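One structure below.
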Amino acid sequence: MSYNSNEFIVNVMYSATFLVVNMNPVGLGTSVHTGKLLNKKQKRFEDTRDFFLPLFEFGPTSTIHSENQRRLNALHMRLAKQLPGSWNHYEDFVEPCAVAAVQVHNMMRLAGLPGLPPHMQRAMYLFSKCLYEGFLMESGFVPPDSFPPDFDACIKFNEEWGRRPWSLSDAARLAGKAVSEQFEERWFPRPFHFVGRAVFCLSLADETLEYFGLGPRNQVVTFLVKKMMWVAFTIQALMPDPKLGTYEKNRMRRDGVPLPNSQG
1 MSYNSNEFIV NVMYSATFLV VNMNPVGLGT SVHTGKLLNK KQKRFEDTRD
51 FFLPLFEFGP TSTIHSENQR RLNALHMRLA KQLPGSWNHY EDFVEPCAVA
101 AVQVHNMMRL AGLPGLPPHM QRAMYLFSKC LYEGFLMESG FVPPDSFPPD
151 FDACIKFNEE WGRRPWSLSD AARLAGKAVS EQFEERWFPR PFHFVGRAVF
201 CLSLADETLE YFGLGPRNQV VTFLVKKMMW VAFTIQALMP DPKLGTYEKN
251 RMRRDGVPLP NSQG
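Here the sequence shown stands for residues 1 to 264, numbered as in UniProt numbering.
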């Protein structure tokens, strides 16, 4: 994952994960409260990207991620002073980490592929569990035994989360519009924004799309996106593994360090 992730993939994960997690009105309220989601859509994504790319490359126990997570926890606690009780529900932290564990697997299966092999399922589960254990609630760190016990349990948790009777709100539709616009505007010319929406909505349940006012799906476009995903995953599996990760390549470009010829 660390060497095959790129900004586009991170944006797909960011958009889909944000919507799933924020079906909970408490979480949605905190996201809307700062105004960044609605008024600085691209900056919010870029901050998320800068959190996840080094995480994917160096892992949840690395020094660079530990510092990033410390800053994120500090931000949450500052906001908790304005919105008491908003960061004191461990399931709100379980859900994004459980999504991180299974999202690629689910997208591969939607594209008609078998999904991640068992050893990668195990690796993604341990990665996400370790990430989860670093989050801070208002009452202290999340209880480590509250994370689903295995990969299949993460899938089940996500499915059950999406079926909960969450309360509808105008904020949900505003958030759905903002997340959709961020992805579409960053990656697709205006005439093809509908394709961008189909891409990041591929892994989302129909209930989630309805909740955020993003449905119904265009079935023809969704079918074509699935075929494109099949091609992309197949090519990735056949290509040799890169020797540099995305974060490291971005750092080298930023610092003016030439990349090896095979790593452009």
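Ideal placement from N, C-alpha and C gives every residue a C-beta, glycine not left out. These figures come from a predicted structure and were not determined experimentally.
Residue burial classification, residue i (beta-carbon count within 10 angstroms, cutoff 16)
{"i": "H105", "result": "buried"}
{"i": "M124", "result": "buried"}
{"i": "S31", "result": "buried"}
{"i": "Q42", "result": "exposed"}
{"i": "K81", "result": "exposed"}
{"i": "E172", "result": "Sequence inspection shows Ala at residue 172; the Glu mentioned does not correspond to that position. A172 is buried by the Cβ-count criterion."}
{"i": "N22", "result": "buried"}
{"i": "L53", "result": "buried"}
{"i": "P148", "result": "buried"}
{"i": "L55", "result": "buried"}
{"i": "A111", "result": "buried"}
Beta-carbon proximity check, residue i vs residue j, cutoff 8 angstroms
{"i": "A153", "j": "S128", "result": "no"}
{"i": "V94", "j": "T17", "result": "no"}
{"i": "L38", "j": "T208", "result": "no"}
{"i": "F233", "j": "M108", "result": "yes"}
{"i": "A175", "j": "L28", "result": "yes"}
{"i": "L202", "j": "V225", "result": "yes"}
{"i": "L214", "j": "R190", "result": "no"}
Cβ separation of residue i and residue j, assumed to be a contact under 8 angstroms, to the nearest whole Å
{"i": "W166", "j": "Y211", "result": "7 angstroms"}
{"i": "L83", "j": "H119", "result": "About 41 angstroms separates the two Cβ atoms, so there is no contact after all."}
{"i": "E57", "j": "E248", "result": "6 angstroms"}
Close beta carbons around residue i, own chain, < 6 angstroms, minus the five adjacent residues each side
{"i": "L131", "result": "P60 and C97"}
Minimum Cβ-Cβ distance from residue i to chain D less than 8 angstroms
{"i": "K156", "result": "Given the protein chain composition of this structure (a single chain), no chain D is represented."}
Contacting residues, own chain, Cβ-Cβ under 8 angstroms from residue i (five flanking each side not counted)
{"i": "D47", "result": "none"}
Close-in-space but distant-in-sequence residues of the same chain around residue i (CB under 7 angstroms, 5 per side omitted)
{"i": "S146", "result": "Y90 and V94"}
{"i": "P25", "result": "W166, S167 and S169"}
Inside the stretch 47–113 only - alpha helix (DSSP H) runs reaching at least 4 residues:
63–82 and 91–110
Segments of 3+ residues assigned as beta strand (DSSP E) that fall wholly inside the stretch 177–210
none
My parser needs the alpha helix (DSSP H) runs of 4 or more residues fully inside the stretch 130–174; what are they?
151–163
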